[in-house]
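A.B. asks: In my numbering, the protein residues as written are 52 to 210.
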Amino acid sequence: MTKIYFVCGFIGSGKTTYSKTLAQKHGAFRFSIDEWMIPLYGEHMERVVFNHRLATLQELFKDSALQLFSLGVPVIFDFGFWRKADRDTFTDWASKVGAEGEVHYLDVSFDACKQRAFTRNSDLNGKSYEMTPEMLDLFWSWFEVPASNENVVWVQQAP
52 MTKIYFVCGF IGSGKTTYSK TLAQKHGAFR FSIDEWMIPL YGEHMERVVF
102 NHRLATLQEL FKDSALQLFS LGVPVIFDFG FWRKADRDTF TDWASKVGAE
152 GEVHYLDVSF DACKQRAFTR NSDLNGKSYE MTPEMLDLFW SWFEVPASNE
202 NVVWVQQAP
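#1: Where does residue 69 sit, in a helix, a strand or coil, going by DSSP?
#2: Leaving out five residues on either side along the sequence, give the residues of the same chain with a beta carbon under 6 Å from the beta carbon of residue 84.
#3: Would residue 60 and residue 180 qualify as a contact pair, given that the criterion is a beta-carbon distance under 8 Å?
#4: Any idea which residues DSSP pairs residue 214 with across the strands?
#5: Output needed for residue 52: all residues of its chain with C-beta closer than 6 Å, excluding positions within five of it in sequence on either side, in chain order.
#6: Measure the beta-carbon distance from residue 70 to residue 208 and round it to whole angstroms, keeping in mind my assumption that it falls under 8 Å.
#7: Let me check understanding here. Comparing Cα to Cα, which of 136, 137 and 141 lies closest to residue 126?
#8: Between the segment 154 to 168 and the segment 101 to 108, are three or more C-beta pairs nearer than 8 Å?
#9: Quick one, which of 88, 95 and 147 has its alpha-carbon nearest residue 111's?
#10: Report, in whole angstroms, the separation of the C-beta atoms of residue 134 and residue 195, which I expect to be a contact under 8 Å.
#11: Give the range of the alpha helix (DSSP H) segment to which residue 207 is assigned.
#12: Can you find the residues in the same chain that come closer than 6 Å, C-beta to C-beta, to residue 206, ignoring five residues on each side of it along the sequence?
#13: Give the range of the alpha helix (DSSP H) segment to which residue 137 is assigned.
#14: Taking all protein chains shown into account, do 16 or more other C-beta atoms lie within 10 angstroms of the C-beta of residue 58, making it buried, or fewer, making it exposed?
#15: With a Cβ-Cβ cutoff of 8 Å, do residue 124 and residue 74 count as a contact?
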């Protein structure tokens, strides 16, 4: 059974760096939402537009993942998976298509994530969104830390 890794964490938690390491370790193909959204659609946009474009890319990535599974290639979705409902939707999808899904949660404090995001603002290279303090506060209010009863691999990240 081919494996798919769902990398969960807040902005600045190190998801992309972790995903790259995971990809090398397992010979996996990595899909990073930000690395596609920004080149295709540019920086910030209205939330409803962002959500529509995000859903479109996620469906395309799922279709591509099916092709990779047929070749025996593991896949990594570096999407953030901020809400439990999103984690459940994707792990259910993996189960339906015969892949072994595994959620990896990067456990990093909000303060550390904020600091990393602000540091990253100075070197975005078209692969990350610029974040303001207000945006981070708003997005943190939307983030749902996985519960202890979720089947999640907890990854402790240095602050």
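Cβ atoms here follow ideal geometry from the backbone N, Cα and C, with glycine treated the same way.
C.D. replies: By the coordinates alone:
#1: Within the sequence shown, residue 69 is the residue found at index 18, counting from 1. The answer is helix: DSSP assigns residue 69 an H, G or I state.
#2: For the purposes of this step, residue 84 is identified with residue 33 of the sequence shown, where counting begins at 1. Here the set comprises 130.
#3: The residue given as residue 60 occupies position 9 in the sequence shown. The residue given as residue 180 occupies position 129 in the sequence shown. For residue 60 and residue 180, no; Cβs fall outside 8 Å.
#4: Any property of residue 214 remains undetermined from this structure, which presents the chain solely from 52 to 210.
#5: The residue labelled residue 52 in the question sits at position 1 within the sequence shown. Cβ within range, chain order: 151.
#6: Residue mapping note: residue 70 aligns to position 19 of the sequence shown, counting from 1. Residue mapping note: residue 208 aligns to position 157 of the sequence shown, counting from 1. Not a contact, Cβ separation roughly 13 Å.
#7: Taking the sequence shown and counting its residues from 1, one reaches residue 126 at position 75. It is 141 whose Cα lies nearest to the Cα of residue 126.
#8: no
#9: To locate residue 111, count along the sequence shown from 1; it is residue 60. Cα-wise, what sits closest to residue 111 is 88.
#10: Looking up residue 134 in the sequence shown gives position 83. Looking up residue 195 in the sequence shown gives position 144. Confirmed, about 5 Å.
#11: Taking the sequence shown and counting its residues from 1, one reaches residue 207 at position 156. In the DSSP assignment, residue 207 falls outside any alpha helix (DSSP H) and within the unbroken beta strand (DSSP E) covering 203 to 207.
#12: As a working mapping, residue 206 is identified with position 155 in the sequence shown. So the list reads 155 and 157, once near-sequence residues are dropped.
#13: In the sequence shown, counting from the first residue as 1, residue 137 sits at position 86. It spans 135 to 147 - the alpha helix (DSSP H) in which residue 137 sits, taken as one unbroken run.
#14: Numbered from 1 along the sequence shown, position 7 holds the residue referred to as residue 58. Buried: at least 16 other Cβ atoms inside 10 Å.
#15: Taking the sequence shown and counting its residues from 1, the one referred to as residue 124 is at position 73. Taking the sequence shown and counting its residues from 1, the one referred to as residue 74 is at position 23. No; because the gap between Cβ atoms is not below 8 Å, this pair is not in contact.
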